[in-house]
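Enquirer: In the working numbering, the protein residues as written are 113 to 401.
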């Protein structure tokens with residue numbers, strides 16, 4: 113199956129379409145809500161008929177990609193079912209990290225192979241993204257035959273994959289969201305605190321980025337516990353106390369610092385990186401906050 117239709121050629125759909133087009137697949141059709149948006153996507157990908165209709169788009173591909181928001185998938189499936197398309201000759205997958213292929217079951221009943229293929233990567237804008245998929249992991253879920261096709265696609269893109277059970281997708285997606293989005297939120301909190309002491313926002317960000325990048329490098333090179341630095345790993349009771357004092361005027365940040373420090377302490381306890389006495393002292397400190 114090399115002919116592809118993309119329903120929802122937004123940031124992910126366009127990036128995926130471009131990458132597939134460079135790896136031996138033919139993008140035959142793509143759709144967006146507006147014609148201006150789908151024309152933009154077609155220009156980036158370099159091929160394919162542009163539509164605003166989903167049924168029209170689905171007709172052209174042996175492989176039909178649903179790269180749309182989660183709450184739109186069910187309605188699109190219903191829309192596709194109302195057509196006269198022969199589904200027994202098609203492979204349909206969605207890109208949701210949260211939902212399983214069960215939501216595509218009506219198409220499966222009609223003969224389609226169905227799966228969920230979720231790239232564990234963030235896509236901030238539409239762009240020609242070939243390297244965006246190289247070396248990343250994809251969460252795959254579906255029937256054995258659908259998984260075999262999914263694995264071929266991932267290998268073509270230069271990626272890796274992990275096989276998921278349908279029941280595990282909510283927890284899997286929660287983990288992905290924490291890793292991607294909460295990191296950004298924590299960085300925004302740090303930037304905001306720098307602004308409180310007179311830094312311009314852009315300077316605050318540029319000041320902190322090397323620190324963040326260094327930590328990510330350490331995680332990649334070593335592991336998570338070995339990459340923990342700062343007062344908690346040292347059992348520095350006095351510094352942590354001063355941090356809490358500094359955050360008294362910022363209640364949400366105070367609560368976040370408390371919860372995250374407690375989690376850091378749990379990591380340290382497992383790794384036995386602190387004496388029992390220091391761990392006990394820090395635990396008492398956190399319980400008093």
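By construction, the Cβ of each residue, glycine as well, lies at the ideal position given by its N, Cα and C atoms.
Note that the structure is predicted; figures quoted are calculated from it, not measured.
(1) In whole angstroms, what is the alpha-carbon distance linking residue 327 and residue 288?
(2) Looking at C-alpha atoms only, which residue of 196, 281 and 171 is the closest neighbour of residue 228?
(3) Just to confirm my understanding: we take residue 275, look at its own chain, exclude 5 residues before and 5 after, and list those with CB closer than 8 Å. What are they?
(4) Which residues share a DSSP beta bridge with residue 315?
(5) Express the C-alpha separation of residue 218 and residue 293 in angstroms, rounding to a whole number.
(6) As an exercise, report each continuous beta strand (DSSP E) stretch of at least 3 residues that is fully enclosed by the region 165-216, in chain order.
(7) Unbroken beta strand (DSSP E) runs of length 3 or more, entirely within the region 336-369: which are they?
(8) Would you kindly check if the distance between the Cβ of residue 285 and the Cβ of residue 248 is under 9 Å?
(9) Let me check one thing: in DSSP terms, what residues is residue 138 bridge-paired to?
(10) For the region 369-387 against the region 311-319, do three or more pairs of beta-carbon atoms, one drawn from each stretch, fall closer than 8 Å, so that the two count as touching?
(11) To test your reading of the DSSP string, which unbroken alpha helix (DSSP H) runs of 4 or more residues are found completely within the region 236-306?
(12) Where does residue 161 sit, in a helix, a strand or coil, going by DSSP?
(13) Is the separation between the beta-carbon of residue 211 and that of residue 185 shorter than 9 Å?
(14) Could you pull out every residue in the same chain whose Cβ sits closer than 7 Å to the Cβ of residue 155, ignoring the five residues on either side in sequence?
(15) How long is the line joining the alpha carbons of residue 265 and residue 178, rounded to whole angstroms?
Expert: Well, looking at it:
(1) If I take the Cα positions, the gap works out to 19 Å.
(2) In terms of Cα proximity to residue 228, the closest of 196, 281 and 171 is 281.
(3) Its chain contains 252, 253 and 259 as the residues whose beta carbon lies nearer than 8 Å to that of residue 275, once the 5 sequence neighbours on both sides are disregarded; these appear in chain order.
(4) Beta-bridge annotation (DSSP): residue 315 is not paired with any residue.
(5) When rounded, the distance between both Cα atoms is 33 Å.
(6) Scanning the region 165-216 for uninterrupted beta strand (DSSP E) segments of 3 residues or longer gives 175-178 and 203-206, listed from N- to C-terminal end.
(7) As far as the region 336-369 is concerned, it has no whole beta strand (DSSP E) run of at least 3 residues.
(8) No; because the gap between Cβ atoms is not below 9 Å, this pair is not in contact.
(9) 115, per the DSSP bridge assignment.
(10) Under the three-pair Cβ rule at 8 Å, the region 369-387 does not count as touching the region 311-319.
(11) Runs found: 256-268 and 281-289.
(12) Annotated three-state conformation of residue 161 is strand, per DSSP.
(13) Between residue 211 and residue 185, the CB-CB gap stays under 9 Å.
(14) Answer for residue 155: no residue qualifies.
(15) Residue 265 and residue 178: Cα-Cα distance of roughly 15 Å.
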